[in-house]
Amino acid sequence: MFSLPVDRRWRVILMIVMLGALTVRVGAAIGLQYLLDHRWQRAFLIEGDAEGYWLLAQTIANGETYSVYTPPRYALRMPGFPALLAVPITLVGPSLFAARITLALVGTFACWLTYLLGKRVVDEKVGVIAAALAAFSPTLIVFSVEPLCETAFAAMLLWSLLCGHALFQRLSATSLKWSAIVGLSLLTGVAIAAGVYQRPSWILASPIVAGLLFLTVPPGRRLFALIAGGLVVTGMVLALLPWGLRNQAVTGHFTFTTFWMGPSLYDGLNPEATGDSDMRFFDRDALLGRMSEYEVDQYYRKAAKEFAISSPVRVLELAVVKAWRYWKPWPNADQFQHPIAIFSVLVTYLPVLLFSIWGAVLLIKRSLQTGALREGIWSVSILAGPIFYFALLHLIFVSSLRYRLPTEYPLFVLAGVGIVAFTTRWKSSKY
């Protein structure tokens, strides 16, 4: 539908982009490790979450019980990212530099997945441009080498979008092949579960994908889409079931995710909330001294709900603040208020956002011209949907630019469409 003549030169450019992506990430790992060791004298650029992930990774690598802190918290974090960090720990010991190099490889892999998504949804040229945007984004480079789950989650998010797009194409094809549809449906669910193992808030993606398939496939295929959507959800549930059963065994309560949602929710909805994360209340209340992990989770869920009901105006005010923090074109954190950091994020994010809006309009416009509106809606939805998905979630939870970063990878594909259109129009006017 949106294909353009394939120029083999783009394959060469892709190889250069991938090499560049790896080079700048390895360089960032070296530079960041040097600064942390010799200038800042601390272990992590962004402390807190990174330390928790690192401690959990060591329990996995050492074959110990998956828990952290005292009293032990058994379902504080999903195990996906700590398991990834455990790989370099197992191979070379607890070296943060080795972990950063591993994450540099994961970040480069995410750039390649961005290329694949752009190629399959649009065409080769757009895929390469999208990969280049991902490869040289300053914020993505920095986050690629810090022990935080954003980059690993981005890779799983892209994988789930690729699987979902392949499933949509199968359901929209002239002839149906049930074995392929069943396999792709279950694989899409597993891919979404892989994302949930990195970031639990991705769990709603499976019913959303199921609903989107039902709405966008040709009308005569909706029964098949309904079945496929059910299999997507089933695949995710089956993949998360071992973790849920493990939680039941060690805590006495079943959950597909964690018992950290309550404190996270209260962090965003409490009388002292500002939109930024401030977990001092958790240490001040010290509920784990007299409650189980599950009970603490339930306590804070209830407290957040009571605050939301009693203070609806403040909740709306916080939602506005959180929306700004999420979409803000420069960093929120005080440690990143250096003019170079602000300028770097600003001059890369705003053009991408503008080109992606234009790209979305162009895809819908072309789909109308070719009579394939459903495909256009599907394409724009999977490319732009994730950034709005997390934008809505973080109107409730605390918000930051950090939560937006994984969703920028698919957004680069839309930006690639806009960039191709812009350069084509500029060349036409020039000659």
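Numbering (my numbering), first residue to last: 36 to 466.
Even glycine gets a Cβ: it sits at the ideal position worked out from N, Cα and C.
Taking the alpha-carbon positions, what's the Pro-114 to Tyr-232 distance? Pro-114 and Tyr-232: Cα-Cα distance of roughly 6 Å.
Taking the continuous alpha helix (DSSP H) assigned at Asp-332, which residues delimit it? Where Asp-332 is concerned, the enclosing alpha helix (DSSP H) stretches over 328–345.
Contact set for Pro-40: own chain, Cβ-Cβ below 7 Å, skip 5 residues either direction: Since pLDDT at Pro-40 reaches only 47, below the 50 mark, its modelled position is unreliable, and no value is offered.
Taking DSSP's pairing of strands, which residues face Arg-108 in a bridge? Note: Arg-108 sits in a beta bridge opposite Val-103.
Met-36 versus Pro-441: straight-line alpha-carbon distance, rounded: The pLDDT assigned to Met-36 is 44, lower than 50, so where the model puts this residue is not dependable; a value taken from the coordinates is nonetheless given after this. When the Cα atoms are used, Met-36 and Pro-441 turn out to be separated by approximately 27 Å.
Could you tell me whether the Cβ atoms of Val-285 and Tyr-109 are closer together than 7 Å? Yes, Cβ-Cβ distance for Val-285 and Tyr-109 is below 7 Å.
Beta strand (DSSP E) runs contained entirely in the segment 205–260, provided each spans 3 or more residues: Runs of the beta strand (DSSP E) inside the segment 205–260: none found.
Simplified DSSP assignment, three categories, for Arg-437: Residue state, collapsed to three classes: helix.
Helix, strand or coil for Ala-368 per DSSP? Note: Ala-368 maps to coil in three-state DSSP.
Chain-order list of residues whose beta-carbon lies under 7 Å from that of Ser-299 (same chain, five-residue window excluded): Only Phe-432 meet the Cβ criterion.
Taking the C-alpha atoms as reference points, what is the distance between Arg-44 and Arg-319? Cα to Cα, the separation comes out at about 60 Å.
Using CA coordinates, which residue listed in Phe-178, Ile-164 and Leu-222 is at the minimum distance from Phe-390? Minimum Cα distance to Phe-390 is reached at Ile-164.
Tell whether a beta-carbon distance below 7 Å holds between Trp-194 and Ala-226. Taking 7 Å as the Cβ cut-off, Trp-194 and Ala-226 qualify as a contacting pair.
Helix, strand or coil: how does DSSP classify Ser-391 here? Helix at Ser-391.
At a cut-off of 6 Å, would you count Leu-276 as near the ligand GTP, judging by its Cβ distance to the nearest heavy atom? Annotation note on the ligand GTP: not contained in the displayed structure, which lists no ligands.
Could you please give the first and the last residue of the uninterrupted alpha helix (DSSP H) stretch that includes Ser-172? Going by DSSP, Ser-172 is part of no alpha helix (DSSP H) at all; its letter is neither H nor E.
Need the endpoints of the alpha helix (DSSP H) that Ala-85 sits in, please. 84–96 is the extent of the alpha helix (DSSP H) around Ala-85.
Please confirm whether Ser-172 and Leu-138 have their CB atoms less than 7 Å apart. The answer is no: Cβ separation not under 7 Å.
Local conformation of Ser-179 per DSSP, three classes: Per DSSP, reduced to three states, the secondary structure at Ser-179 is helical.
With a CB to CB cut of under 6 Å and the five nearest residues on each side skipped, what residues in its chain are close to Leu-446? Excluding sequence neighbours, Leu-446 sits near Ser-391 and Ile-422.
Is the separation between the beta-carbon of Ala-426 and that of Leu-353 shorter than 7 Å? No.
Using C-beta distances below 7 Å, list every residue in its chain close to Val-268, excluding the 5 sequence neighbours before and after it, in chain order. For Val-268, same chain residues with a beta-carbon under 7 Å away, outside a window of 5 residues either side, are Gly-224, Ser-241, Pro-242 and Ala-245 in chain order.
Let me know if Thr-405 comes out buried or exposed under the rule of 16 or more other beta-carbons within 10 Å of its beta-carbon. Here Thr-405 is exposed, its C-beta having fewer than 16 other C-beta atoms within 10 Å.
Tell me where the alpha helix (DSSP H) around Glu-410 begins and ends. For Glu-410, the enclosing alpha helix (DSSP H) begins and ends at 408–428.
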